[in-house]
Structure formats: structure tokens, C-alpha cells
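Asker: The listed protein sequences correspond, in order, to chains A and B.
Residue numbers for the first sequence follow the working numbering, beginning at 152 and rising by one.
Residue numbers for the second sequence follow the working numbering, beginning at 152 and rising by one.
The C-beta atom is built at its ideal place from N, Cα and C for all residues, glycine as well.
One structure, pasted below without further comment.
Number of protein chains: 2
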Amino acid sequence: MNKDYVLLDPWHIIQDGFNSKDNRIYESQMSIGNGFMGIRGNLEETFSGNSLQGTYVAGVYYPDKTRVGWWKNGYPEYFAKVLNSINFIGIKVFLGNQELDLDKVTIKDFRRDLNMKEGTLTRTSTIIDSNGRETKIESLRFLSKKRKEIACIKYSITPLNYHDTITLIPYLDGNIVNEDSNYDETFWDEVNKGFIEDSAYLTLKTKKLDFHVTSATSFKLLKNKTEINTTPSTLIEDKYVAHKLNIYVSQGETLTLEKYVSLSSSRYYPKDDLVNNVVRSLKSAKNDGFDLLLDEHVSGWNKSWESNDIFIDGDVKAQQSIRFNIFQLHQTYTGEDSRLNISPKGFTGEKYGGSTYWDTEAYCLPFYLGTSAAQISKNLLIYRYNQLGKAKENAVKLGLKGALYPMVTMNGEECHNEWEITFEEIHRNGAIAYAIYNYVNYTGDHKHLLDFGIDVLVEISRFWEGRVIYNKNKNCYMILGVTGPNEYENNVNNNWYTNRIASWTLEYTLQTLEFIKNSFSESYEDVLNRLAIKDSETIKWMDIIKKMYYPKDDNLGIFLQQDGYLDKEDLLIKDIPKEDLPLNQTWSWDRILRSPFIKQADVLQGLYFLGHLYDLETKRKNFYFYEPRTLHESSLSPCVHSILASELGDKEKAYDMYLRTARLDLDNLNNDTDDGLHITSMTGTWMSIVQGFGGMRIIDGTPSFKPFIPDQWIKYSFRVLFRERVLNIEVSKDKVLVTLEKGDPLTILLYDSEIKLTKQH
Amino acid sequence: MNKDYVLLDPWHIIQDGFNSKDNRIYESQMSIGNGFMGIRGNLEETFSGNSLQGTYVAGVYYPDKTRVGWWKNGYPEYFAKVLNSINFIGIKVFLGNQELDLDKVTIKDFRRDLNMKEGTLTRTSTIIDSNGRETKIESLRFLSKKRKEIACIKYSITPLNYHDTITLIPYLDGNIVNEDSNYDETFWDEVNKGFIEDSAYLTLKTKKLDFHVTSATSFKLLKNKTEINTTPSTLIEDKYVAHKLNIYVSQGETLTLEKYVSLSSSRYYPKDDLVNNVVRSLKSAKNDGFDLLLDEHVSGWNKSWESNDIFIDGDVKAQQSIRFNIFQLHQTYTGEDSRLNISPKGFTGEKYGGSTYWDTEAYCLPFYLGTSAAQISKNLLIYRYNQLGKAKENAVKLGLKGALYPMVTMNGEECHNEWEITFEEIHRNGAIAYAIYNYVNYTGDHKHLLDFGIDVLVEISRFWEGRVIYNKNKNCYMILGVTGPNEYENNVNNNWYTNRIASWTLEYTLQTLEFIKNSFSESYEDVLNRLAIKDSETIKWMDIIKKMYYPKDDNLGIFLQQDGYLDKEDLLIKDIPKEDLPLNQTWSWDRILRSPFIKQADVLQGLYFLGHLYDLETKRKNFYFYEPRTLHESSLSPCVHSILASELGDKEKAYDMYLRTARLDLDNLNNDTDDGLHITSMTGTWMSIVQGFGGMRIIDGTPSFKPFIPDQWIKYSFRVLFRERVLNIEVSKDKVLVTLEKGDPLTILLYDSEIKLTKQH
């Protein structure tokens, strides 16, 4: 069984006690961010133990040289990486002459508290050094939700049984590496550094792509809460600037350092003007002072929770985790900048390097649709629209026409480099088409189809047209040599999900053309011309739709994962020895591949996406066939199962799967939280409640709900945004209350009955 | 069309003219070796152009850090590499003050001649520098066939239209890298260097595994063929020692340097004594002098050709290439040291790194069986027998029992690291079992089965037993998730060849146990006990043999490459645009995988190995189905096709395929000869004549021949060794003459008729 890493609390993630071994896991859990930058929960002081020091700045990446065994034609030259940037949280501490290394002292009463309601991370602890000297340390940090460039730390230190000179060295350190650097190279060069009045600053630039990042820092020093004046000495080394403060502290006195940090990049300011701007915002922040900055930050989070909180009564485990997921999502992506996207680890780690996966379209979009203004979701679509040119180049590279969106990307170029994924996991293209459908269906923004959507849909359809083959003997179209969402099989023929999402894309593209012809008739010819659409093309698409081959088994009444799936051994997850799980950490790859075990929802992913096209019986048969064979070793898996189980009325399974997705990182369920949080799957937790327990769907523009309540819960409620309205859905054991909290009157479906809602005053 | 790289000549490989662009190709073709060491055809002088400097010493390798994209459980930690060693052929030349760089001068009348009859490489050329000074250069080099540690170069230089001081610096250079180093690391450290009397020496050791290699060099200097005394100065730098000679040379005078080199490794001498031994053999060689060394070397080659030559009348192209293939094979492996094996590139390049592939068992063994004493072949089998322990460890790593021999190895440990090959190309195990059958069948050494063979067979059988799965629905055994010999499909189910060779292994193992029971009855119980063979095990094997599933198509009358092969597009090689070939250099990997095109013989490989078990009609149908779909982008492919075409009486196809295998490197047919020669496939050329045109098989211990002669040929003859006899088979348009040249009387089959041969006096 997994251990309990954090205390249960509805609004707090609390680490009680410290051990070096688990430190990387807590560093991930205690990450904070503001959509513009993020930091792992590293300690301020020197810590020579188990740690991944991580500071990440949105959109600043590095094209690291690809590392492969045997090069294959079509591989990208580089693998883009989220870049570990200037470490700005660091404070070196000397107690007398001795540097404090938290790995070398006894730590007692260690407690960290990630306050999700307010967006702050606090720590209290007492440390005892080898001379028996006890010191109390407290800190509080936040990355301002209001001022994206600002970070603040309040760091207090109290000698409990001694007095001595204490030295504090708040620094900016550019001597950082990416842990996942392919050839142990460093990625940064220094541009400038120095001191302007009481601010220290440091600018680095990336060795490739020439991103510049400047950070500046200043401080206030307080003794027993009263500001004291001091003249720091300054330290300057290679890629390193710091202030140095020596203060005599009596026993029981508290010395407090307020560290103010500002950081920005050449994505937002001209390079020449970067230092000035960063120092300016730093000064303004310091001027306003810690308390004001904290107040405006907390009120920003309060506002966010007002529209986004999900409340659960009677189940703290569930309550804590849904808030943790929502909190992390809002820390990662705010949707203001359409050049940005949502990385699988957000700002909490380096694994998976690149920024954008199909996770965004398949999992993240529903969350932002339901919790944020439509423009935020639209920006996610525009991101792909802007990268259509690169997706077309990518298809050409593989000898095909149309557009193949990359598996992993920063700027639209593919940067993944395993053939079975890079070249074969082409179902991602379907998710990108589906997201357009999903967005328009939710928001009613049909104009998007004309302005952006149709271009993407047509090029993806062209890709599918080129990628299918016509099988003369069987008079059908097939898709050979793919990897489905289930990455525990590679290079299979006729993955049901891939075939289905491909033909669905063709259908939706044809429908969209028809829709444009009818609803934007004046622009229809323009679209045909702009995209050079030929009749022969659409006729071919219709033929493919008609004759697409779908592997299935009539006896079992199921769709087949892929050709030959039933030839595999007839084993279930429960047959696997517990100690072998997760399989990807114990079995050799070939054994995983030839086993019947599925990494994540695949056929079920299709039945979730295209739920409106399949009856309950079909869903039931497939669910109860595949669920017992699914490992959920992708974080993206349990939520889909939870939602389907809800639809099938299997409350227990739905609840189990909910907890599995919700508490993945809080309980380190896949034994990999040390690498960072599973950000993009956190949306699945939200979906499991809203679409699962709440049963929310959009049917012909009308929100529909079929809520039920898990046995373990007394009551729950969630808010959703829908076309300028705010709906609140409150579900208890015997009652469902849907309230229109904002916006014009609206008709909804509740258990298939129409209900007209108006705002109550 | 491919260009002509070399002139046609029955005994010589002649390069006529020089261009830098093709230099690496010629370097491969002009490689020389003596089974103990080998060098590419690098120029002695400085050459800043396109070159792969390569010196390779048998059995000295390096475990380079593995390079992969995403690590998978079961991958080996390292990839062993043939090590590029001390460059000992180098001679720096200064004409006056100007260093001669052959890439910076005009080269006219350039001619290199690899004399295969005598095993020497000579060069003549005239170079013109930027001052218009013409210099004639001649050189001759060989690696002694008699003294494995000795290399000699005679290097002559004649100023044709000027006089000046000429400086010659014969050196040993340890500043060498492997071009294929994964992380650009160097692999060597210096141990010692210096001068002992007139010898310079240098010892390096590998940074891992601690192999030591010492080379020593000395020289004689002649003017107009008369030795002159000179006191050289000495140069010593990091990993570098040299003599420096300044000689005034008049116009028309010829200055000649005889460079004597000795080299050995800690595989043959204690490390402490390495320098002494190497210097001793150097002195002895120099003492004996160039002419004597050359004489004994040439007579060694003459003797080798006496028993191994294949003579072809009327077709120089064919004649030259078979000799080139035989010559290179004898340069690579002499079979004296059972710790050594045959690397795909021999001593001619670095590609494919490791030493041993299934090439050895599947392709090389027949050549050595037919051309060398049985012990040489037996040593190849002992090599695997000695590595059985590691093969068992390898199986455990993949969660299986028995033994899985590695795909690539130096010492028995797997060092390949692509999952689709490392973990899935398990058919290699079958080839290792088959080699035992092949060896015993050819030599009649049945005792080998008892002493060595049965251990290997039983453990391989155990592996197959664990690797098959029983399919309840279809009441058969299947092998899922493999890559067959056709590496242009990965992770397929039921590759016919793999299934077939697996069940054949089980059959042969059971037969061998039965044979031991009958013929070595006194040892039978020992064997059962030693290998802990249980009845339940052999019963299971029988069940697998009985119920193994073989994919086939009854309409076409063919075995199927793998499940689903006929779902692929129905295209033939002739449908591929010429400019796309070879596909592996132009198509993306996924496109290759999903195409119907086959890299190398796969079903046909099985029909070749197990030819005695299939009728002609089966072979015919499969051959004419698969051959038009086969790309032959593995060098191991054409020979199998040539042999089968011969058996089917398709003389034209057999001849085409013969030329394709024979001239692969002379004509650079796969556009990759620059990386080195395809050594292990050169045996296929020999097999195409002996087993193909000659139709040689061993049937129940009796050699059988069914020769025919290609239309292009007037006459051909080959010698084979068979159980202490030497047979000469001479085939002309209207006559076949089989002569027993050595050994006891023997009955053979000629066109299925028994003929008793006795030696003629």
C-alpha cells in the first residue's frame, strides 16, 4: 500500500516531518506557480540531500540535441526542453561560522503547509546542529497571482538556546542545469549582472534560440518585526549575484529577511530593456511592501476559488484532492498568452520536456471550457491553428500530405524521437480535430469554424486520407502501423480508436463544410478556394467513412483494441503479482508489449469522446471487458474510466477511479511524483466530478446534467461557466439544486427533463 | 546506376584515380587484415579530406555508455564497440618546409592495387604541389599472414622536377577516437611510451576493462635502394611517439622508408611484459628484413588460395568479386582463438560496434565448414557454449527461463539497445541451435552434441517454451511481439520464420536427446541430471511442436511473413521509384514498417535453413511471392535468394543475386561501403556458388552436388573440405568433374546418383 504523504485537510497540503529520501516527492507537491513562472518546493537554504532544484519560466525552452540509439529518417534534430532557470529562492545561512545545510542537521517539528485557498507555502521547523544549538526557522513564499513577475519570500530565523552572528546571503544563481540534459550540457550563458542601488540583477541567455531571462532581487531586513537598516556587502561570481548580511542575534530574537524577486524574459520585453523593466517592477513591489503584495495575491486566489471551487462534504480525502488539482491547474496555465500551452509537468519538473501534448486537447480543454472565459479555451485552439504550417511540414517529412501535428512540441515542430510514438501515435491528430468540435459545441462560437477550425480540419482530413490504405480483398480502408493511446502496444494494425477518430474527423470536416455552406454561405467559396478543396477529395473522404474497417468481436460485443488483440493471453490485472506494479518499473518492454495489459483508456477513450454516438449497452460491454485489463499507468486513464462508470451507474467504480486520478500525486500512486506533478491529467479529476458524478454533457447547445452522489459523500457542489452564465450545481443525498448564479435565462436538461433557469435575486 | 569504383581484374582490386569525396569508400575496399588486426586503406601521409582513420585489434573492445531516447527496463548499460586503436601506419612528410597534405595537392596518376593473391596493398601516384613541384610516391604495405603482430610498409618518394630536404616522420599515434563514440568520449589512456634502441613504442589502455595495447615501430632508410645510416631525432608528445628523418634528396633520387611495426595486446601477453614482447618481435622482424617478411607473407596467401580459391572462367566481374569476398573473410577470422568471433564489418569499420551477431551462425559457419579445418568451425560453436551462462542471465532479465543469446555481444552480454531488436529479434536463438545441427551434419562430430551442443539446445528450448503462449480459442501455440529477420517490420505476431525455427529447435533438441540415449547411452543419465531435464518438460515441447501455429495463405500456397501480412498494400519492389532506393535512406521509418517491403529473406530464410523439410513446389511459390517484395537492404539477403533460385533452376535470377551479394562492396550497391565492408555477408557469395550453382548439400553425411553453370560463364571450379578430404568440383558447359584431391575414398551424390571417389595419383 501507498503511504500517506500529506495530512488530510480540505484546504491545506501539509507535510508533517522531514526525511531526505522523500524530499523530491514533497518538492513536487509543494510547487507553486502563477502561469508565468513556477518553482518546485525547494528549500531556501543549502540542502545537499535528495533534491531537484527547479525554476521554470513559461515559454523559455531549449532545443537539446536529440539522443537516440540508431537514427531513423524523419527523427527531429532536437528535443525541446522546459528550461530550468535562475534559482531565485536561495538564501544561504551561516549560524556563526557554520553554513547551514539542512541535510546535515537534525530537523524537528518540520511542517510545510501549502495553503491552496491563499496560494502560499509556509514552513516552520526547528533545527539542531551538531553543537546542540537549536534554531527556529519559518518561511512563507508566494508567486504573485496579480503581478506575474514578482515572487516574495519572508524568511525568519530565531536562535532558541544561543546567540551569535547570523549571516544571510539571498542570491540569484544562474549556475543551473537541466537534470534531463541529454549530453550533460549546460544551456545558459551569462549576459550581464550587477547591482543597481539596492537591487542585484542577473541576466542569462540560452545558448540556442537566444531567450534572455533577467531576475532581480532586493530585500528588507527586520529584527523582531521592526525593519532595521543595514548595508549589505555584495557578492559577484560567475552567473551569480548576492547580498551578504551579517547580523548579531540574541537568544530568542527573530531575524526576518523579506526577499523580493522580479523575473521576466525577452518574450515580454526587448532584450535591451529587460534589466530596466525587471528592476523597475522589483522596486515597485518592494515599495509596496510584503503585506500589500500578499494581500493582493490572496484576494486574487479568493476570487479564483469563488468561480472554480468544488465543494465536497463528508469526504476530506476527496475534497482535498479536487482542490489540489484545480489549484495546480490555475497555477500552470492562465490562458492569457496564446503562445503558451500546458506542459504535462507544468512548472513542477522536467520530465517529458516539451510543452504541448495531445493532453491539452483531450483533457485540459474541457476544464478550461467549464471554468474560464471562452477566450482562454479559444487560445488553446489558436495555438494549434498558428502551428498548422509546421504540422504540414511534418506530414511531408513522413511522405504524406495534409497536416500531422507533433506528438510533443514547443513551437509546432516535432521534438519527440521514438519512432513508435513520433511517427505512429498519429491518433493525436484526431484529438486536435475533436477539440474544435468540443469547443464549438460548448461555446456556440460557430464563427471559429469559419475563421480557424476548417483550415485545421481539412488538413488533418487530408492526412488521414493519405494514411489509410484501401484493402482490395476486404473492400475496406485500414490504418496499419500505429500506436494507439495505449502505448503498451506499438506498431499495431487497425487500432480501433485511431481508425474511429480518423473517420470521425472526416465526418466532422464534411459536416463543417456543409455548415459553412449553409450558415456562412457568402464565405463558402472563399473557403473552398483558400483550402483548394476538390470534389474528388470530399468524395474520397465519404468513401473512407463508409468503408473504414473497425476490428470487433461479435461474441463479446466489443470493439477490439487492435487486430489480433484476442490472440493475447487471457489475463486480468488482478492476475499480476502486486509487487510487479507498476509494470513499467519492473517488466521488460517486450513483455509489456505482448501482454494483454493496457496502459490507458483506448477503446474507452473513443467511447468517451464519441459517447453521443454509442448506446449504453455498447459502452457497458466494452467497459467491463477493458477496465479489468487496464493498468492506468498513464495518469490520463482513470478519469475516463470514472466518467464512463458514472454513466453506467457503477458508483463504486466511479468513486474508486475518481480517487485514483484525484490523489495520484498526493499519494504518489504511480511512484513517480518525485519527477513532478501530473498537471495535464489533473483536469481529469475535475471532469470526473463534473462530467462523471454530475453527468454534464452539452446536447445541441443545451447543458444536460444527470447527477448522482457517491455513497461516501454527504453533499457536493460545483460551478461551471457556460456561455456567459455561471451555474451552480449542488447535489446531496436526496436533492439536486441547479442555480443560475449569473447571466441570462437558460434552459438546461436535468435527467433529460427541460428546466428553464433564471437568475435569482 | 552505380558507378564502377574499381577496375575489373581477376586477382586485383584497382583504384584508378583519386577523388576526396569517394575516399572513404576506397578506404573500406582497400582494408587489409590478418585475423589479429586490421587497418582501413588510409593513406600514410597527412590527409585532411574525407576519411575514417581506422586501426582495429581483435578482441579489444570498449563498453561505451548506451545512448537511447527513453530508457526501457531490460536495456543493457553499455554498447560494446570495436575499438579504434593506435594509428601505426602514419608517416608525416615534409617536402622542404611544407607538410604534405594529400587533400591540398593535385594528384595525378593515382593508382592503388589490392593484390588479393599476395595480400598486399600498393600505391603509385604523382603529386603536384602549389609550387608546381612534382613528386612521385610509391608504397606497399601488408599485415603479415605469418607473424600476426607484424605490419610492414615500404614507402618511397622521388622528387621529379626539384631537389630539396625531405622530412619523414614515421609515428605511432594514440590520439584516436571512435567515430561512433556515443558521447564523443575518448576511450584510451596512456600507459607508457618511449624509445628502446632504434624502436619507438607506445602503450595505451582502455578506460574501461583495462585492455592494454602496445605498438612499437622501427625503420630502415634507403636511397636508391641502398640502405643509408641516419640518426633520427625523436618526437614525443601526449600519446604519440615518432622518429624524425631529414634527408636531402636530389632530383630523380628515390628515398625509401621501410616502416616496421609490431603490435599486441594484453589478451596475449601479461601487461607487465607487453612492451618487451612487442619490441622483441619488432626487432626480430626488422632483423629478418622487408623482403623475407614479404616472401613468407605471400607464400602464406598462396597456400591459402590453393585450398580456397574459386576459379571462374569467362566472367571477370564474377571472378574478381568472389576472390575479394574470400580474401576479406580470411583477413578477418582465422579461427585460432575461440574467444574471437566475426564482426559484421571485420576490421574495416566501426558500424554495428559489437563483435558477434547471428550472422556468424547463419552465414559464416558454412563458409568455414567448407574451407577450413573442423576445429575452426567448432571454435565458433564453443564461443557460444562458453557464453551460455550470460545467455541465461539475459533470459531472466526479460522475465523468462532458459537462454536467450544476445543480438550483439562481445563477451556474451547483450549490448544492443533498441527494444524492437534487443528484446524482440529472438529468432537469433534459433540460428544458434541450427548452427549446431549444421556443424554436426557437416563434420559428423556427434560427440560435440554430448559435450557441448545439448546444453545449448536444452536451454534454448526452455526459452522457447516460456516465450510461446497457448491460445485456448484456437488450440495452438503462438509467439507474439517479435521482429523477424525482416527488420522492416517490428513487434509483429507470429512471424512464420520465428515460429518455425522455434519449433524446429524443440524437435532437434528432442532428437538429440534421443540420439544421446541411443549412441552415448552411458552418458544419457548424466545429461538428464546435469541439465535437470524433466519428463514434463519434454512432453510440453512435443505439445508445442504439434500445435505450433504457422500463418499461411492457402490460396497463394505460401507461408505468411506474419499475421496480417496480406492486409498490406499489394505493391512490388518494381513499383518503387528508383530514386527512393535504398528505402532506409529516403523513407521515414513508419512508412517502411507499414509497407509490404521486406528487408531481407525471412520466410525464405526458413526454407533455406530447413530446405530438406520442404518440397520444391512450396519453395517455388514462396520464392516467387516474396522475392519481388524483397529489398535486399540487408547484405545477408541476396545470397539466400541466389541459392534458392539455383535450386529452382532459375539461372538468371540466381546469377543476378550472386552478383548482388558478390559485388555489394566493390560496387557500393547499398551506398554504405564508406562505413566499412559487409564482412559477414561475404560468406553468402561463397555459398551462392558452392550451395547455389554447385548445389552442394550434406544428405545423411554424404555430400551431394547438382551443379549448373550460369550462361555468362565458360567454366568454374571450387574446392571444399569435407571430413578430412579435399574435393575439387569443376563445372563447364557440358561437363562436371569431381575430384578427390586429398583424403580417404568417399561416396558422393551427383545429381542424386552415388559416385565413389578415390584419390588419383
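So within the segment 339–394 of chain A, which uninterrupted alpha helix (DSSP H) runs reach at least 4 residues, ignoring any that extend past its ends?
Answerer: The qualifying runs do not exist here; there are none.
Asker: Looking only at its chain, what residues have a beta carbon closer than 8 Å to the beta carbon of Leu-817(B), apart from the 5 residues adjacent to it on each side?
Answerer: Start at 1 with the first residue of the second sequence, and residue 817(B) comes out as number 666. So the qualifying residues of the chain are Tyr-156, Val-157, Ile-164, Gln-180, Gln-471, Ser-472, Phe-475.
Asker: Starting from Val-889(A), follow the beta strand (DSSP E) in both directions and report where the run begins and ends.
Answerer: One-based indexing of the first sequence puts residue 889(A) at position 738. Looking at the DSSP string, the run of the beta strand (DSSP E) that includes Val-889(A) is 886–893.
Asker: Tell me whether the beta-carbon of Ile-237(B) lies closer than 8 Å to the beta-carbon of Gly-325(B).
Answerer: For the purposes of this step, residue 237(B) is taken as residue 86 along the second sequence, with counting starting at 1. For the purposes of this step, residue 325(B) is taken as residue 174 along the second sequence, with counting starting at 1. Contact flag set, yes.
Asker: Which residue wins for smallest C-alpha separation from Tyr-420(B), given the options Val-412(B), Ser-432(B), Tyr-411(B), Lys-410(B)?
Answerer: As a position in the second sequence, residue 420(B) is number 269, starting the count at 1. When each option's Cα is compared against that of Tyr-420(B), the closest is Ser-432(B).
Asker: Going straight from the alpha carbon of Leu-657(A) to that of Glu-638(B), what length do you get?
Answerer: Counted from its first residue, the first sequence places residue 657(A) at position 506. Counted from its first residue, the second sequence places residue 638(B) at position 487. Roughly 33 Å separates the two Cα atoms.
Asker: Listed in chain order, which residues of the segment 741–757 of chain A have Cβ atoms closer than 7 Å to some Cβ of chain B?
Answerer: Of all residues in the segment 741–757 of chain A, Asp-741, Arg-742, Leu-744, Arg-745 have a Cβ within less than 7 Å of some Cβ in chain B.
Asker: Taking all protein chains shown into account, do 16 or more other C-beta atoms lie within 10 angstroms of the C-beta of Tyr-902(A), making it buried, or fewer, making it exposed?
Answerer: Position 751 of the first sequence, counted from the start, is the residue given in the question as residue 902(A). So Tyr-902(A) counts as exposed.
Asker: Are the C-beta atoms of Arg-613(B) and some chain A residue less than 8 Å apart?
Answerer: To locate residue 613(B), count along the second sequence from 1; it is residue 462. Not one chain A Cβ lies under 8 Å of Arg-613(B).
Asker: Taking Cβ-Cβ distances shorter than 9 Å, what residues in chain A pair up with Thr-853(B)?
Answerer: Numbered from its first residue, the second sequence carries residue 853(B) at position 702. Simply none; closest approach about 42 Å.
Asker: What number of angstroms, rounded off, separates the C-alpha of Glu-250(B) from the C-alpha of Asp-335(B)?
Answerer: In the second sequence, residue 250(B) corresponds to position 99, counting from 1. In the second sequence, residue 335(B) corresponds to position 184, counting from 1. So the two alpha carbons sit approximately 29 Å from each other.
Asker: What three-state label does DSSP hand Cys-566(A) in the structure shown?
Answerer: Here residue 566(A) is taken as the residue at index 415 of the first sequence, counted from 1. Reduced to three states, the DSSP call for Cys-566(A) is coil.
Asker: May I ask you to report which of helix, strand or coil DSSP gives Met-188(A)?
Answerer: Residue mapping note: residue 188(A) aligns to position 37 of the first sequence, counting from 1. Looking at Met-188(A) - three-state DSSP - the assignment turns out to be strand.
Asker: Which class does Pro-779(A) belong to by DSSP, given the choice of helix, strand or coil?
Answerer: Looking up residue 779(A) in the first sequence gives position 628. If DSSP states are grouped into helix, strand and coil, Pro-779(A) belongs with the helices.
Asker: In the DSSP assignment, the alpha helix (DSSP H) including Gln-482(A) goes from what residue to what residue?
Answerer: Position 331 of the first sequence, counting from 1, holds the residue named residue 482(A). Unbroken alpha helix (DSSP H) run through Gln-482(A): 467–483.
Asker: Quick one: measure Cβ to Cβ for Asp-596(B) and Tyr-590(B), integer angstroms, because I've assumed they're closer than 8 Å.
Answerer: Taking the second sequence and counting its residues from 1, one reaches residue 596(B) at position 445. Taking the second sequence and counting its residues from 1, one reaches residue 590(B) at position 439. About 7 Å separates the two Cβ atoms, so the contact holds.
Asker: Since Asp-714(B) meets chain A, which of its residues come closer than 7 Å, beta carbon to beta carbon?
Answerer: Reading the second sequence from its first residue, position 563 is the one you call residue 714(B). The contacting residues are Gly-715.
Asker: Could you check how far apart the C-beta atoms of Pro-794(A) and Ser-839(A) are, in whole angstroms? I think they sit under 8 Å.
Answerer: Against the first sequence, residue 794(A) aligns to sequence position 643. Against the first sequence, residue 839(A) aligns to sequence position 688. Per the sequence shown, the amino acid found at residue 794(A) is Ile instead of Pro. Yes, Ile-794(A) and Ser-839(A) are in contact; Cβ-Cβ is about 6 Å, under 8 Å.
Asker: What do you get for Glu-348(A), buried or exposed, if any count of 16 or more other CB atoms within 10 angstroms of its CB means buried?
Answerer: Your numbering for residue 348(A) matches position 197 in the first sequence. Glu-348(A) should be labelled exposed.
Asker: Closer than 6 Å by C-beta to Thr-834(A): which residues in its own chain qualify, once you throw out the five before and the five after it? Chain order, please.
Answerer: Indexing the first sequence from 1 puts residue 834(A) at position 683. Taken in chain order, the residues that qualify are Tyr-514, Cys-515, Phe-518.
Asker: Below 8 Å, can you find three or more Cβ-Cβ pairs linking the segment 223–231 of chain B to the segment 286–305 of chain B?
Answerer: Output reads no: the segment 286–305 of chain B does not touch the segment 223–231 of chain B.
Asker: Helix, strand or coil for Gly-142(B), going by three-state DSSP, please let me know.
Answerer: Outside the shown range of chain B, which is 152 to 912, sits residue 142(B), and nothing can be said about it.
Asker: Do you know offhand how far Tyr-628(B)'s Cα is from Ile-684(A)'s?
Answerer: Position 477 of the second sequence holds residue 628(B). Position 533 of the first sequence holds residue 684(A). Looking at the two C-alpha atoms, the distance is approximately 50 Å.
Asker: To the nearest angstrom, how far is the alpha carbon of Tyr-411(B) from that of Leu-319(B)?
Answerer: Sequence index remark: in the second sequence, residue 411(B) carries index 260 (1-based). Sequence index remark: in the second sequence, residue 319(B) carries index 168 (1-based). Taking the straight line joining both Cα atoms gives about 14 Å.
Asker: Mind reading off the beta-carbon distance from Phe-462(B) to Asn-333(B)? Whole number of angstroms is fine, and I expect it under 8 Å.
Answerer: Here residue 462(B) is taken as the residue at index 311 of the second sequence, counted from 1. Here residue 333(B) is taken as the residue at index 182 of the second sequence, counted from 1. Their Cβ separation, rounded to whole angstroms, is 45 Å, which puts Phe-462(B) and Asn-333(B) out of contact at 8 Å.
Asker: Sorted by chain position, which residues of the same chain lie with C-beta nearer than 7 Å to Leu-551(A)'s C-beta, five sequence neighbours on each side aside?
Answerer: Your numbering for residue 551(A) matches position 400 in the first sequence. Here the set comprises Phe-614, Gly-617, Arg-618.
Asker: Distance, Cα to Cα, Arg-132(B) vs Asp-160(B)?
Answerer: For chain B, the structure presents residues 152 to 912; residue 132(B) sits outside this window and is missing.
Asker: Rounded to whole angstroms, what's the CA-CA distance from Asp-851(B) to Lys-907(B)? Just pull it up for me.
Answerer: Here residue 851(B) refers to the residue found at position 700 of the second sequence. Here residue 907(B) refers to the residue found at position 756 of the second sequence. Roughly 16 Å separates the two Cα atoms.
Asker: With C-beta atoms as the reference, is Pro-747(B) less than 8 Å away from Arg-780(B)?
Answerer: Within the second sequence, the letter at position 596 stands for residue 747(B). Within the second sequence, the letter at position 629 stands for residue 780(B). It is a contact, given that the beta carbons lie within the stated cut-off.
Asker: Could you name the residues of chain A that Asp-721(B) contacts, counting a contact when the two beta carbons are closer than 8 Å?
Answerer: As a working mapping, residue 721(B) is identified with position 570 in the second sequence. Going along chain A in sequence order, the residues near Asp-721(B) (Cβ under 8 Å) are Lys-623.
Asker: Using a cut-off of 7 Å between C-beta atoms, extract the partners of Asp-118(B) located in chain A.
Answerer: Not covered by the structure: residue 118(B). The range shown for chain B is 152 to 912.
Asker: What's the gap between the Cα of Asn-568(A) and the Cα of Asp-694(B)?
Answerer: By 1-based counting over the first sequence, the position of residue 568(A) is 417. By 1-based counting over the second sequence, the position of residue 694(B) is 543. So the two alpha carbons sit approximately 43 Å from each other.
Asker: Measure the Cβ-Cβ separation of Arg-870(A) and Ser-276(A) and say whether it is below 8 Å.
Answerer: Position 719 of the first sequence, counting from 1, holds the residue named residue 870(A). Position 125 of the first sequence, counting from 1, holds the residue named residue 276(A). In this structure, Ser-276(A) does not lie closer than 8 Å to Arg-870(A) by Cβ.
Asker: Find the residues of chain A that neighbour Trp-738(B), judging by a C-beta separation of less than 7 Å, and give them in chain order.
Answerer: Here the question's residue 738(B) lines up with position 587 in the second sequence. Within 7 Å Cβ-Cβ: Asn-224, Gly-550.
Asker: Short of 9 Å Cβ to Cβ, which residues in the segment 619–651 of chain A face chain B?
Answerer: Listed by position, the residues of the segment 619–651 of chain A near chain B (Cβ gap below 9 Å) are Ile-620, Tyr-621, Asn-622, Lys-623, Asn-624, Lys-625, Met-629, Ile-630, Leu-631, Gly-632, Val-633, Glu-640, Asn-641, Asn-642, Val-643, Asn-644, Asn-645.
Asker: Closer than 6 Å by C-beta to Met-152(B): which residues in its own chain qualify, once you throw out the five before and the five after it? Chain order, please.
Answerer: Your numbering for residue 152(B) matches position 1 in the second sequence. Note that Met-152(B) has pLDDT 41, beneath the 50 cutoff, so the model's placement of it is unreliable and the number below is only indicative. Nothing listed; no residue qualifies.
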